[in-house]
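What follows is one structure encoded as structure tokens, with my remarks underneath.
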Amino acid sequence: MFTHIVVGSNDIARSKKFYDAIFEAMDIPPSEIHPNGRLVYAKQGQRFVVTKPLDGKPATPANGGTIGLEAASPAMADAWHKAGVANGGQAVENPPGVRQTGVGPLYLAYLRDPDGNKLCIGCKVPA
1 MFTHIVVGSN DIARSKKFYD AIFEAMDIPP SEIHPNGRLV YAKQGQRFVV
51 TKPLDGKPAT PANGGTIGLE AASPAMADAW HKAGVANGGQ AVENPPGVRQ
101 TGVGPLYLAY LRDPDGNKLC IGCKVPA
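Here the sequence shown is numbered in the UniProt record's numbering, starting from 1 and rising by one per residue.
Shown next, in the form of structure tokens:
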């Protein structure tokens, strides 16, 4: 359904440290800082882009927004969460773990990136 997701950053170098770490936990290679100042992470034709806002105003997180990422396993979600906290992210919501949802039990972990964007990673677990 999605081709790309873009989040704003006020400090690309700080964001690179954070996003390189969390995406490494998902077997996604680190990004170079592109000539246009953006970070681009890619997997299976999908792209996650980090950039300074084009309008020149400060980057701010979406109020009520969450970007969901797919983990291959609870272990991957835990490694992602640990890497994020160790590289400038903030743990939010409950600690990583199983939550009962309308689609069955999911293993979920939540972080805010250094600019406040809310991220979630999760996978289905046996009922």
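Even for Gly, the Cβ is constructed at its ideal location relative to N, Cα and C.
Nothing here was measured: the structure is a model prediction, and the numbers come from that model.
Cα-Cα separation, residue i to residue j
i      : j      : result
Gly-37 : Ala-59 : 14 Å
Lys-17 : Asn-87 : 6 Å
Lys-52 : Met-1  : 25 Å
Classification of residue i by the beta-carbon crowding that lies within 10 angstroms, buried from 16 upward
i      : result
Lys-57 : exposed
Pro-96 : buried
Pro-74 : buried
Integer-rounded CB distance, given that residue j should sit under 8 Å from residue i
i       : j      : result
Gln-44  : His-4  : In fact, because the Cβ distance is near 12 Å, the residues do not count as touching under 8 Å.
Lys-118 : Gly-65 : 6 Å
Val-49  : Val-6  : 4 Å
8 Å CB neighbourhood of residue i in its chain, flanking five on each side removed
i      : result
Ala-13 : Ile-33
Ala-62 : Asn-117 and Lys-118
Check whether the region 102-109 touches the region 68-79, taking contact to mean three or more Cβ pairs, one atom from each stretch, closer than 8 Å. yes
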